[in-house]
Every structure is written in C-alpha cells, then in structure tokens.
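Q: Residue numbers (the working numbering): 352 to 510.
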Ligand SMILES: [Zn+2]
Ligand SMILES: [Zn+2]
C-alpha cells in the first residue's frame with residue numbers, strides 16, 4: 352500500500368476497457384467498483400459508515416466533509432465564535448453568569464444606550480424568582496443579578 356496512484360490507461364475497476372487519458376475510470380465505473388468493495392468488505396453502506404465511526408449518534412460525514420473543505424489550512428477543528436461577538440450578542444455570558452437574551456428598542460438610562468434583556472443563570476438563583484431583567488448595553492459585561500447577586504435594580508424592559 353501507499354504511494355501515489357496513477358492512471359494506467361485501463362479502467363481501474365477491472366472491466367478491461369480503456370479509460371480516457373488521465374482518468375482512472377469510465378463514467379460511473381468508480382461508483383460501481385466502490386459499491387462492490389463496500390458490499391464485499393462491510394456488507395452494506397451502513398456497516399461501512401459505522402465501521403469508520405460515522406452514522407446516527409456518531410460522526411456526521413456531511414458535516415465533516417463540509418468542514419474539511421471550508422477549513423483554511425492550519426485552523427483548528429472546533430468552531431470558535433468569532434472574536435467580534437461582543438457583549439451585546441445574544442448568548443453572551445458575563446463573568447457573573449448573566450446571559451444576554453435579546454435587544455429591545457427601549458432606550459436605556461445611559462447616553463444612546465438600548466435596553467437589553469439579561470437572564471441570570473446562576474445555579475444559586477432561587478426558583479420562582481424572576482431571572483430576566485433589563486440592562487444598558489454598556490453595563491452587560493459587569494452586570495450582576497438584581498435578585499441574587501445584589502446588582503442594581505433591573506431596567507423595565509416591558510412596554
Ligand atoms: Zn470499468
Ligand atoms: Zn440571579
């Protein structure tokens with residue numbers, strides 16, 4: 352095994368016919384040969400996928416292929432949120448476990464600020480106490496929960 356494969360002039364599948372210059376196969380003979388080997392070695396395409404770690408509950412061949420094709424050389428495998436994702440992006444979590452839910456169109460209390468809805472995701476937050484409150488966009492990164500962390504009272508984010 353190993354080494355670079357080169358076309359031989361004959362169809363690679365073994366049918367004995369001539370292949371076009373620079374080609375390994377006659378049209379669709381690669382698919383037939385592939386299917387035959389999979390059937391012989393694995394029994395089915397499903398078994399073939401599973402044998403290589405793919406299939407339901409395992410790796411997703413489509414996603415991995417897409418990722419491999421889109422990935423610039425040298426970048427890491429896991430997708431990392433872009434650095435530009437700032438503190439006002441829904442899903443942002445500040446060091447106090449306060450998470451951005453959404454932006455509102457309501458004016459905040461600071462100059463040119465809008466109110467954002469934050470949600471406290473501290474495990475200590477008492478059940479049944481309101482977790483969501485409004486905050487100025489500029490305060491998100493250091494906001495503390497008004498209910499369980501002694502933070503400033505939340506801004507009214509309801510119309
Ligand atoms: Zn062939
Ligand atoms: Zn809380």
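For every residue, glycine included, the Cβ atom is placed at its ideal position computed from N, Cα and C.
Bear in mind the structure is a predicted one, so any value in this text is a computation, not a measurement.
Any heavy atom of ligand 1 closer than 7 Å to the Cβ of residue 376?
A: What you label residue 376 is simply residue 25 of the chain shown in a count that begins at 1. Because some heavy atom of ligand 1 lies under 7 Å away, the Cβ of residue 376 counts as near it: yes.
Q: Relative to the C-alpha of residue 458, which residue among 450, 481 and 468 is closest?
A: One-based indexing of the chain shown puts residue 458 at position 107. It is 468.
Q: Would you check if the distance between the CB atom of residue 488 and the CB atom of residue 496 is smaller than 8 Å?
A: The residue you call residue 488 lines up with position 137 of the chain shown. The residue you call residue 496 lines up with position 145 of the chain shown. Not in contact: residue 488 and residue 496 (Cβ atoms no closer than 8 Å).
Q: So which residues put a beta carbon under 5 Å from any heavy atom of ligand 2, going in chain order?
A: Spelled out in chain order, the answer is 471, 473, 476, 496, 498 and 499.
Q: Starting from residue 361, trace the beta strand (DSSP E) both ways and give me its first and last residue.
A: Start at 1 with the first residue of the chain shown, and residue 361 comes out as number 10. Careful: residue 361 lies outside any beta strand (DSSP E) and carries neither H nor E.
Q: Can you name the residues that DSSP bridges to residue 546?
A: Residue 546 lies beyond the range of the chain shown here (352 to 510); nothing can be said about it.
Q: For a test of the three-state rule: what should DSSP assign to residue 418, helix, strand or coil?
A: The residue labelled residue 418 in the question sits at position 67 within the chain shown. Of the three classes helix, strand and coil, the one that applies to residue 418 here is helix, per DSSP.
Q: Would you kindly report the start and end of the unbroken alpha helix (DSSP H) that includes residue 383?
A: In the chain shown, counting from the first residue as 1, residue 383 sits at position 32. Start and end: 380–392.
Q: Identify, in the order they occur along the chain, each residue of the same chain with its Cβ nearer than 8 Å to the Cβ of residue 361, setting aside the five sequence neighbours on each side.
A: What you label residue 361 is simply residue 10 of the chain shown in a count that begins at 1. If we look at residue 361 and ignore the five residues flanking it on each side, its Cβ neighbours are 367, 368, 369 and 370.
Q: Mind checking residue 449: buried by the 16 CB within 10 Å criterion, or exposed?
A: In the chain shown, the residue the question calls residue 449 occupies position 98. Looking at its Cβ environment, which holds 16 or more other Cβ atoms inside 10 Å, residue 449 is buried.
Q: For residue 457, name the three-state secondary structure that DSSP assigns.
A: The residue labelled residue 457 in the question sits at position 106 within the chain shown. If DSSP states are grouped into helix, strand and coil, residue 457 belongs with the strands.
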